[in-house]
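Below you'll find the structure, written out as structure tokens, and then a few comments.
Number of protein chains: 2
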Amino acid sequence: MARATKEQSEITGRRILEVASALFADRGYAAVGLTEVATLAEVTRGAIYHHYASKQGLFQAVTAAAQQRVADEVERAADSCPDDWQGLLAGCRAFLSAAVADRNRRILLIDAPAVLDWTTWRAQDGAASGRHLVEALTTLSADGVLRVRSIESTAALLSGAMNEAALHIATAPDPGVTLDEVVDDLSRMLGALRSSPVEDEVSGSVQDLGSGAVSVVGGQEVVADQ
Amino acid sequence: MARATKEQSEITGRRILEVASALFADRGYAAVGLTEVATLAEVTRGAIYHHYASKQGLFQAVTAAAQQRVADEVERAADSCPDDWQGLLAGCRAFLSAAVADRNRRILLIDAPAVLDWTTWRAQDGAASGRHLVEALTTLSADGVLRVRSIESTAALLSGAMNEAALHIATAPDPGVTLDEVVDDLSRMLGALRSSPVEDEVSGSVQDLGSGAVSVVGGQEVVADQ
DNA sequence: TAATTTACATACACGCTGTATGTAAAACGA
DNA sequence: TCGTTTTACATACAGCGTGTATGTAAATTA
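Just so you know, the sequences run in chain order G and A.
Letter 136 of the first sequence, counting from 1, is numbered 757 in the numbering used here, and no numbers are missing.
Letter 125 of the second sequence, counting from 1, is numbered 746 in the numbering used here, and no numbers are missing.
Here you go:
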């Protein structure tokens, strides 16, 4: 059989990864066998084991790619904001939006913590979106805008809150939890961490978040109409 | 071989469940085979499949038991509080404390969402600890103490926040995230959801929980007596 | 007490992961 | 350019784990 060149090999590797990503996202890690991945990628299982060390290794590459996609969107959203505080809020909204996406949801929020061991998963998360959150909280804390007991614990709380919320947004029965509702309630909670409310920022951040109804940034004074 | 009576059969079922619970909690669902469960329970795999429909069915029974344990502790803590707001905070602390326990952590926080399908898992969670959270938020909202956009989204945010925080508390490198830090930061966030500080309701923690600006030390002292 | 159900044990079929081996062409050095 | 080495897979095989079918003796029931 004709052997492929280096570039073709790389293409094969990506094709395997994309096929696996789609299958894992659709039916979960355990329910997908490598034979199915191989056939859909038009290779044999031998090719998979040539490009990736194991099924876990393939999955880890899949999660890394998904993490990167989410992190890119978060960074893009945060960077387009004038100040750090709005950047944090925009980043949270971007994370929610990206995590809800079909290609990322099951992989990142459900399977990854169970398949990958804790240290591996934490390292990947820290290298991607988690790092942004910690950095944002750190600078805000250093600037005196944020007042928290522990940045690490706050980051964990926020990260977990958004993860779980993303799942509820995605698999909502009929009109269940919506993204706007979550962003609204999350903004209220974040507002509590501000050392002092800044009035004039409120108006600008409302349209910035685009949450449709009402957003709460400076304090918790705004009430949401249905 | 001598066949067992009904009572002995029930005992056998519980022994299988306890052995499986310990193994799943220690090494995770995927890494534990039913042969090991059988040998440690001093039965054969046939006995397991007689008492439980499948490996998933056994795991579901394990998760239900763990959920029950956690829910019991949460209810006990919440009921021993004078008012509903403190009950919420105490319940959150109790949940964190129970979720960190070795017997519950991996089962409830890592494996269950991946092994059980979403509807099954949500139904079990709603029947146990999740229900308490929603009920607490509902009554607080009805009494005007709580001001949120959506109770469901808030419950999801809080639940996810505590889940992730519990993992960070449990697997913390050296002096990592501690329970007190998490409870403190969580209390700050929850403080933002109070519609307005009620003077006569909470004696000591009037100004601290009402606005997110000021420190939360007073509010934490109420809950964190440990 | 005879019939039936129960509470397991035993044996087997099947799928999936991982590994060892084979192979032909690409990459590489002289 | 030519021989050697490495690469990029395909093929074949071993082992484990779930699930299921079957057997069996005692407990339960009529």
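Built from N, CA and C at the ideal position, the CB exists for glycine as well.
Burial state of residue i, where buried means 16 or more other Cβ atoms lie within 10 Å
i, result
"residue 604(A)", "This structure gives no information on residue 604(A), because the portion of chain A shown stretches from 622 to 847."
"residue 632(A)", "exposed"
"residue 712(G)", "buried"
"residue 812(G)", "buried"
"residue 629(A)", "exposed"
"residue 796(A)", "exposed"
Chain A within 8 Å of residue i, Cβ atoms only
i, result
"residue 694(G)", "no"
"residue 734(G)", "yes"
"residue 848(G)", "Residue numbering for chain G in the displayed model covers 622 to 847; residue 848(G) lies beyond these limits and cannot be assessed."
"residue 675(G)", "no"
"residue 786(G)", "yes"
"residue 641(G)", "no"
"residue 731(G)", "yes"
"residue 802(G)", "yes"
"residue 762(G)", "no"
"residue 781(G)", "yes"
"residue 813(G)", "yes"
"residue 770(G)", "yes"
"residue 798(G)", "yes"
"residue 739(G)", "yes"
Chain G contact for residue i (CB, 8 Å cutoff)
i, result
"residue 671(A)", "no"
"residue 717(A)", "no"
"residue 778(A)", "yes"
"residue 663(A)", "no"
"residue 809(A)", "yes"
"residue 723(A)", "no"
"residue 774(A)", "yes"
"residue 806(A)", "yes"
"residue 792(A)", "yes"
Bounding residues of the alpha helix (DSSP H) (the contiguous stretch that carries residue i)
i, result
"residue 642(G)", "627 to 648"
"residue 653(G)", "Segment: none, residue 653(G) is in no alpha helix (DSSP H) and carries neither H nor E."
"residue 743(A)", "739 to 748"
"residue 718(A)", "705 to 721"
"residue 623(G)", "First-last for residue 623(G): undefined, no H or E at that position."
Closer than 7 Å: residue i CB and nearest the ligand SAM heavy atom
i, result
"residue 645(G)", "This structure simply doesn't include the ligand SAM, nor any ligand for that matter."
In chain order, each alpha helix (DSSP H) run of at least 4 residues that lies wholly inside the stretch 756 to 821 of chain A: Counting whole runs of 4 or more residues, the stretch 756 to 821 of chain A contains the alpha helix (DSSP H) stretches 772 to 791 and 800 to 812.
Cβ contact check for the stretch 760 to 775 of chain G and the stretch 698 to 706 of chain G: 3 or more pairs under 8 Å: yes
Those runs of the alpha helix (DSSP H) which lie wholly inside the stretch 654 to 678 of chain G and span at least 4 residues: 655 to 661 and 666 to 672
Validate contact between the stretch 648 to 662 of chain A and the stretch 737 to 745 of chain A using beta carbons, cut 8 Å, 3 pairs: no
Touching by the beta-carbon criterion (3+ pairs, under 8 Å), the stretch 779 to 789 of chain A and the stretch 690 to 697 of chain A: no
Three-pair Cβ contact test at 8 Å for the stretch 725 to 732 of chain A versus the stretch 644 to 652 of chain A: yes
Cβ contact check for the stretch 662 to 680 of chain G and the stretch 623 to 639 of chain G: 3 or more pairs under 8 Å: yes
Touch test, the stretch 765 to 778 of chain G against the stretch 745 to 755 of chain A, Cβ-Cβ under 8 Å, three pairs minimum: Between the stretch 765 to 778 of chain G and the stretch 745 to 755 of chain A, the count of Cβ pairs shorter than 8 Å is below three; the stretches do not touch.
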